[in-house]
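Undergrad: Quick note, the sequences are listed as chains C and P, same order.
Taking this note's numbering, I'd label the letters of the first sequence as residues 1 to 113.
Taking this note's numbering, I'd label the letters of the second sequence as residues 114 to 226.
For each residue, glycine too, the CB sits at the ideal point set by N, CA and C.
Source: prediction; values computed, not measured.
Starting off with a structure, shown below.
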Amino acid sequence: KAGVTQTPRYLIKTRGQQVTLSCSPISGHRSVSWYQQTPGQGLQFLFEYFSETQRNKGNFPGRFSGRQFSNSRSEMNVSTLELGDSALYLCASSLDGRNTEAFFGQGTRLTVV
Amino acid sequence: DQQVKQNSPSLSVQEGRISILNCDYTNSMFDYFLWYKKYPAEGPTFLISISSIKDKNEDGRFTVFLNKSAKHLSLHIVPSQPGDSAVYFCAASGSFGNEKLTFGTGTRLTIIP
C-alpha cells in the first residue's frame, strides 16, 4: 500500500509570507502528527490530529496551525514566516496514534529567505 | 530544555564490530522509549522500542537496554553492517507510547567497510 505522502518536497518562501504543507496518510490511518526537524534540535513535536480533532499540541507559537480533513489528509500552515522556520517538516501517520505503529513521510524542506 | 539527549553527534564503527548508541533522558514520566533510523532524504523509520517494565529488548541484530535508575538507554547493533550507516534518533513517550514523542538530536553512525 502507498506510504505517507508529503507535498511539496521542497519550498522556498520569503520572510513574512505564509505557507501550507500537505500530508496524505496511509489509507485507513486516522492519526497524523507533525514534527519540525532542525540541525541541533532533533525532531520537535508540533501537533497531532485524530479524526479531524487536534489531540496533542507541542510548544510552538500560534503562527503554526493545522487541520485534518474527513479523509484524514492533514495540512499544516505557518503564517508570517521567520528565517528560523527553515526546517524539514515531517508528518507521521498511524492507525490510532500509537507511536510504534507510526510511519513517516519523506518530509517537506522549507527554506525561508 | 532538552528532555532527551544524545550527546554523541557522530560515531564511526568498523564493519562487523558492535555499534553502541547512547541516550539519556530527564523526565521521570517517560515510560516508553523508541529508536528510529533515518537515511538522507527519507523520513525516520521505527527500529525497536522498550517499555519501562523491561530492561532489555532484542530484535535480530538490534538490542536496546534501559537503565531506569540512571535514566539511560542504549542501542547495540551487532554485527554492524554498511547499510546501518544512518542517523539514529532516540525518542521517549509517556503512557506507554500513547503520548507525543520527544526526540533526541540524533547520532550519525558511519560504518567503515
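I want to verify the contact list: residues of chain C whose CB lies under 8 Å from the CB of P:N211, in sequence order.
TA: Neighbours of P:N211 on chain C, chain order: G97, R98, N99.
Undergrad: Does any C-beta atom of chain C lie closer than 8 Å to the C-beta of P:T218?
TA: Yes, P:T218 lies at the interface with chain C (some Cβ there is under 8 Å from its Cβ).
Undergrad: If distances are taken between C-alpha atoms only, which option among C:D85, C:N71, C:Q41, C:E48 comes closest to C:P61?
TA: Among C:D85, C:N71, C:Q41, C:E48, the Cα nearest to that of C:P61 is on C:D85.
Undergrad: Determine whether the Cβ of C:F40 lies closer than 8 Å to any Cβ atom of chain P.
TA: It should be noted that the sequence gives Gly, not Phe, for residue 40 of chain C. Chain P, which has a Cβ nearer than 8 Å to the Cβ of C:G40, makes this yes.
Undergrad: Which word fits C:I12, buried or exposed, when buried means at least 16 other C-beta atoms lie within 10 angstroms of its C-beta?
TA: By the 10 Å Cβ count, C:I12 comes out exposed.
Undergrad: Kindly indicate which three-state DSSP category P:F143 falls into: helix, strand or coil?
TA: In the structure shown, P:F143 sits in coil (DSSP, three-state: anything other than H, G, I, E or B).
Undergrad: So if DSSP puts C:N59 in a beta bridge, which residue, or which two residues, is it bridged to?
TA: According to DSSP, which records beta bridges pairwise, C:N59 is partnered with nothing at all.
Undergrad: Please report whether the beta-carbon of C:L81 lies at a distance below 8 Å from any beta-carbon of chain P.
TA: Closer than 8 Å: no.
Undergrad: Give a yes or no on whether 8 Å exceeds the smallest Cβ distance from C:F104 to chain P.
TA: Interface residue, yes.
Undergrad: In chain order, what residues of the same chain lie with their CB nearer than 7 Å to the CB of C:N56, ignoring the 5 residues before and after it?
TA: Answer for C:N56: F47, E48, listed in chain order.
Undergrad: If we cut at 8 Å on Cβ distances, does C:G107 have a partner in chain P?
TA: Chain P contact via Cβ: present.
Undergrad: Look up C:K13 in the DSSP assignment and give the residues it is bridged to.
TA: Beta-bridge pairing links C:K13 to C:V112.
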